[in-house]
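Chemist: In terms of the UniProt record's numbering, the sequence shown has 264 at position 264, counting the first letter as 1, and numbering is strictly consecutive.
Heads up, the beta-carbon is just placed ideally off N, CA and C, and yes, glycines get one too.
Predicted model, so just to flag it, every value in this text is computed and none were measured.
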Amino acid sequence: PELSVAGPACLSSGGLVVVAEPSRPSFPLHTPRLCCRSPETAVMSARLPASSPPRWQLLLSLLLLGAAPGPRRSAAFYLPGLAPVNFCEEEKKSDECKAEIELFVNRLDSVESVLPYEYTAFDFCQASEGKRPSENLGQVLFGERIEPSPYKFTFNKEETCKLVCTKTYHTEKAEDKQKLEFLKKSMLLNYQHHWIVDNMPVTWCYDVEDGQRFCNPGFPIGCYITDKGHAKDACVINSEFHERDTFYIFNHVDIKIYYHVVETGSMGARLVAAKLEPKSFKHTHIDKTDCSGPPMDISNKASGEIRIAYTYSVSFQEDKNIRWASRWDYILESMPHTHIQWFSIMNSLVIVLFLSGMVAMIMLRTLHKDIARYNQMDSTEDAQEEFGWKLVHGDIFRPPRKGMLLSVFLGSGTQILIMTFVTLFFACLGFLSPANRGALMTCAVVLWVLLGTPAGYVAARFYKSFGGEKWKTNVLLTSFLCPGIVFADFFIMNLILWGEGSSASIPFGTLVAILALWFCISVPLTFIGAYFGFKKNAIEHPVRTNQIPRQIPEQSFYTKPLPGIIMGGILPFGCIFIQLFFILNSIWSHQMYYMFGFLFLVFIILVITCSEATILLCYFHLCAEDYHWQWRSFLTSGFTAVYFLIYAIHYFFSKLQITGTASTILYFGYTMIMVLIFFLFTG
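#1: In the DSSP assignment, find the alpha helix (DSSP H) that holds A273 and state where it starts and stops.
#2: In this structure, does DSSP put C235 in helix, strand or coil?
#3: Is the beta carbon of L163 closer than 9 angstroms to that of T284?
#4: Please classify E240: is it buried, with 16 or more other beta-carbons within 10 angstroms of its beta-carbon, or exposed?
#5: Counting along the chain, where does the alpha helix (DSSP H) carrying T226 start and finish?
#6: Where E102 and S326 are concerned, what is the direct C-alpha to C-alpha distance, given to the nearest angstrom?
#7: Who are the Cβ neighbours of F634 in its own chain at under 6 angstroms, not counting the five residues just before and after it?
#8: Classify A439 as buried or exposed, calling it buried when 16 or more other Cβ atoms lie within 10 Å of its own Cβ.
#9: Put Y248 into one of helix, strand or coil per three-state DSSP.
#10: Starting from I576, follow the beta strand (DSSP E) in both directions and report where the run begins and ends.
#11: State the Cα-Cα distance for the pair D245 and E144, rounded to the nearest angstrom.
#12: Leaving aside the five residues before and after F679 along the sequence, list all residues of the same chain whose C-beta is less than 6 angstroms from its C-beta, in chain order.
#13: For R461, which of helix, strand or coil comes out of DSSP?
#14: What is the residue span of the alpha helix (DSSP H) that T661 lies within?
#15: On the premise that C223 lies in contact with M267, defined as a C-beta separation below 8 angstroms, what is that separation, rounded to the nearest angstrom?
#16: I'd like to know whether the C-beta atoms of Q630 and P454 end up nearer to each other than 9 angstroms.
#17: At 3 residues or longer, what runs of the beta strand (DSSP E) sit wholly inside the region 74-162?
#18: Give me whichever residues DSSP pairs with residue 727 in a beta bridge.
#19: Count the other CB atoms, across all protein chains shown, that sit within 10 Å of the CB of P295; report buried if there are 16 or more and exposed otherwise.
#20: Please classify C610 as buried or exposed, where buried requires at least 16 other C-beta atoms within 10 Å of its C-beta.
#21: Return the chain-ordered list of same chain residues with a C-beta closer than 7 angstroms to the C-beta of V675, the five sequence neighbours on each side being excluded.
#22: Do you know how far the Cα of R437 is from the Cα of P25?
#23: Which same chain residues end up closer than 6 angstroms to D207 when comparing Cβ atoms and leaving out the 5 residues on each side of it in sequence?
#24: Just the C-alpha distance for A444 and L515, rounded to the nearest angstrom, thanks.
#25: Quick one: residues in its chain with C-beta nearer than 6 angstroms to the C-beta of E90, no 5 flanking neighbours on either side, listed in chain order?
#26: Taking the C-alpha atoms as reference points, what is the distance between I581 and G529?
#27: Does DSSP classify R55 as helix, strand or coil?
#28: Who are R213's beta bridge partners in DSSP?
#29: Measure how close the beta-carbons of S417 and E612 come, nearest whole angstrom, since I'm counting them as under 8 angstroms.
#30: Based on the DSSP secondary-structure assignment, which residues constitute the bridge partners of R307?
#31: Can you tell me whether A174 is buried or exposed, with buried defined as 16 or more other CB within 10 angstroms of its CB?
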């Protein structure tokens, strides 16, 4: 019951930028143990090799998954799609033990471009036949396209320099020239292969500074030496790559597969790692490939016939130290360490303690004293001498301007808040593991669709308490306003991706399916929620509202609406900005994100900080006799989203190497969707 699962990473060191496993929503973590303990142990269990879990954890996991205990050998249960596969030699194969190891290829992506491309978009060796694995909604939305490859291995059967196919290009032919140009452009932008064996990324491990070894779940197509002789990206690995204005293609891979023999012996072996080393050979004799000689260079000005032979070698090695359950650990251990995460948590906790102290002080001392005095008052003359928030009691529940829009925002925000909470909770328990590709995104979308009822209910309840009558408009706006803005933005981004021929463009069928989920499930559920919201009596206010609105006195600078709102967003943003860096890295730099225990903790801290900062500022401006508090309370913490946007712009210019107009538009288009969702959530 300990499944160690992981996903993607990237590292920039020197001139070498390496991209990893592209499944953006895939995240490694040890399951199902992360949320059952304190955050310290959570992080440690993402590092430590799997050991036998305490009895209570086993019981908890069995309880969670309803697994029935069986004989000793089958006592370990596995999440759907995460069961181990056993392999044996050709002569020993059976239904329980496979001999053939299939290698699948995922889409290719780059740190320098937001556009991923399918494997078939490039002129590489293609599989003659083979069943393509079906993708879930999350994978399709993130542009993952997993396909069978022509690389097939037999367990424990070593191959040396085996030819896969040969590609010939005649530069005078327009079609061949176009294919070759596309290949050169992708080498220039450092596009990376992502290969999968037994649901694990095939990694390329190399040394980086400080004697660290980094394992990257992807390897480049090739690299380029500039006309000034500067080696770009992966060209630094080989001193033979020195010709100016020349591309070097990695047309040979040395694959090493590590396996662990199952203790019972009869069941064969399980694969625990697959590592490769990309190489470049010219292969002068195509019929007798020997994988030696000079590298395969393609000059930028080359003409005539160019032949590229693709070959591979595969070897097997038993590794008794790695167990199947902890086979992702070697990728995680090469990741940057987590001390900065602790710094961010401590930073957030200090902010929360400070705010909680302020709020508690106001509640206990000031309000308690004020209310006690307020209740003792008999004569009306005393009331005239009151000051501060007690003066506005007759106006405090006056309906806000644009109450319809506020109620719609509150409904959509509630929907997003519950969706985020449940998704992160499941991620913590390890149900949304990277071996279960695309599970995180699928879970979020399905939850959002099913949570239409609370959105409709909250919007209707607030709208009714604001004295609104147009309930049909309210329900329609709750169903269509915010989702409509997100969908319109998403649709425009999709048109750009489609125009660029990227694999991230959503097929027409999937768009129709998303619209069907929205119109046929989410909208009716919103109507049901709104029906119950309007049926209930309006929220009763403890004091009557005066007929004539009270005049608001001249405000000092910091109690004016804008400065208060701008100040309010700073504290919540201070809690999350370090986590935000890791999240943006996992999305745009294809790095591995696996700190779900941390993220869940930061999520809870963010909710508390937003609430407390708003209560504090609300108290200050009520004391200044300004009773327009509804919109201000929503915008005070909602303004955190503006800081998020500013940070995303800073991140784009300072951290990313994205080039090209399409990629830039896509980055900001997707960022605007995130900002809107974050605005509704914090508000």
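Modeler: Here's the rundown:
#1: Per DSSP, A273 belongs to no alpha helix (DSSP H); it is in the beta strand (DSSP E), A269 to K279.
#2: helix
#3: no
#4: exposed
#5: Segment: none, T226 is in no alpha helix (DSSP H) and carries neither H nor E.
#6: 21 angstroms
#7: G683
#8: buried
#9: strand
#10: Careful: I576 lies outside any beta strand (DSSP E), inside the alpha helix (DSSP H) at P561 to W588.
#11: 33 angstroms
#12: G638 and A641
#13: helix
#14: T661 to T682
#15: About 43 angstroms; that fails the 8 angstroms criterion.
#16: no
#17: 100-105, 108-110, 113-117 and 147-154
#18: Any answer about residue 727 is impossible in this case: the structure gives the chain only from 1 up to 683.
#19: buried
#20: buried
#21: A641, F644 and L645
#22: Reliability fails at P25, whose pLDDT of 37 lies under 50, so the model's placement of it is uncertain and no value is given.
#23: R213
#24: 16 angstroms
#25: A99 and T154
#26: Position check: residue 581 holds Phe in this sequence, whereas Ile was assumed. Rounded to the nearest angstrom, the two C-alpha atoms are 37 angstroms apart.
#27: Summary for R55: the model assigns pLDDT 41, below 50, so the residue's position carries little reliability; its value from the coordinates is reported in the next sentence. Reduced to three states, the DSSP call for R55 is helix.
#28: D207
#29: Ser is not the amino acid found at residue 417; the sequence shown has Leu there. Contact flag wrong, Cβ pair sits at about 16 angstroms.
#30: T168
#31: exposed
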